[in-house]
Amino acid sequence: MARTRPDVAADVKRAAIVEIATRRFSEAGYEDTSMTSLAREAGVSVNTLYWYFENKDALLVAAAEQLRTRRPPGEVTESMSFVDRLVAASNSFDDVGRIVTAVHARMGISPTVGAWHAQYHLHAERILMKQASRHLESAGLPGLGEGALLRLARLWVYALDGIITHGLPQRDRRALCVEMVAQLELAAREGGAPQV
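Just so we're aligned: 159 in our numbering is position 155 of the sequence shown, and the numbers increase by one with no gaps anywhere.
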């Protein structure tokens, strides 16, 4: 029988569970990771897992959120080009592609995962819009309106999702990111992103 570990602070225990789940979901996949095996590895009871997480989908969301907020491997600096930032963003999820795949598989089934995924996309779009505006300004190109930036950012989020889930080689990632920035620059020169 697993210990309840009352000597460990709740936030520390929760963080340890999320860390273990992140690793296990990345290595074995979401479907092949049971709550029982996670509890065993965390040294807690299954009831303790359900105390912190309503269900396995809530734990998947906690793992995905931890990945969203972590610093990408390698140094991302202000002096990096927009292309390099896009490549770095795609590279930061290389070791956890199975979690990204699980989120996409579960988002239509689980309201918890679906809601998190929608918020993730909105957050990613806002970041990309800011980065795109900075790029245009530093390149001396005219800015784009919010609608045009949003359309491009939304397209880029889906492109980055594809890069991550399909494990594109570095050469292809870079080529796709170069094309994304070329679209941005073309839209700025021509007065806006194409209407859909």
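Virtual Cβ for every residue (Gly too), placed ideally from N, Cα, C.
Buried or exposed (CB count within 10 angstroms, at least 16 for buried), residue i
i	result
isoleucine 113	exposed
aspartate 165	buried
serine 38	exposed
aspartate 36	exposed
serine 94	buried
leucine 190	exposed
alanine 19	exposed
arginine 74	exposed
Residue i versus residue j - alpha carbon distance
i	j	result
alanine 201	alanine 14	Outside the shown range of the chain (5 to 200) lies residue 201, about which nothing can therefore be said.
alanine 6	glycine 47	With a pLDDT of 48 at alanine 6, under the threshold of 50, the predicted position of this residue should be treated as unreliable, though the coordinate-derived value follows. C-alpha separation (whole angstroms): 6 Å.
aspartate 98	glycine 149	33 Å
valine 117	alanine 109	9 Å
Given residue i as reference, the closest of the options once Cα atoms are compared
i	options	result
tyrosine 124	Leu148, Pro146, Leu71, Glu150	Leu71
isoleucine 24	Glu35, Leu42, Ala32, Arg177	Leu42
alanine 192	Arg178, Arg175, His139	His139
methionine 111	Arg18, Tyr34, Arg27	Tyr34
valine 107	Glu82, Thr169, Gly147	Thr169
glycine 91	Val182, Gly195, Gly144, Ala186	The question names glycine, yet the displayed sequence has valine at residue 91. Closest option to valine 91, Cα to Cα, is Val182.
glutamate 194	Val16, Tyr162, Pro146, Trp55	Pro146
Cβ-heavy atom distance, residue i to the ligand MG, below 7 Å
i	result
alanine 68	This structure lacks the ligand MG, and indeed carries no ligand of any kind.
Subject >> Three-pair Cβ contact test at 8 Å for the region 48-56 versus the region 94-104 >> reply: In short, these stretches do not touch, since the Cβ pair count stays below three.
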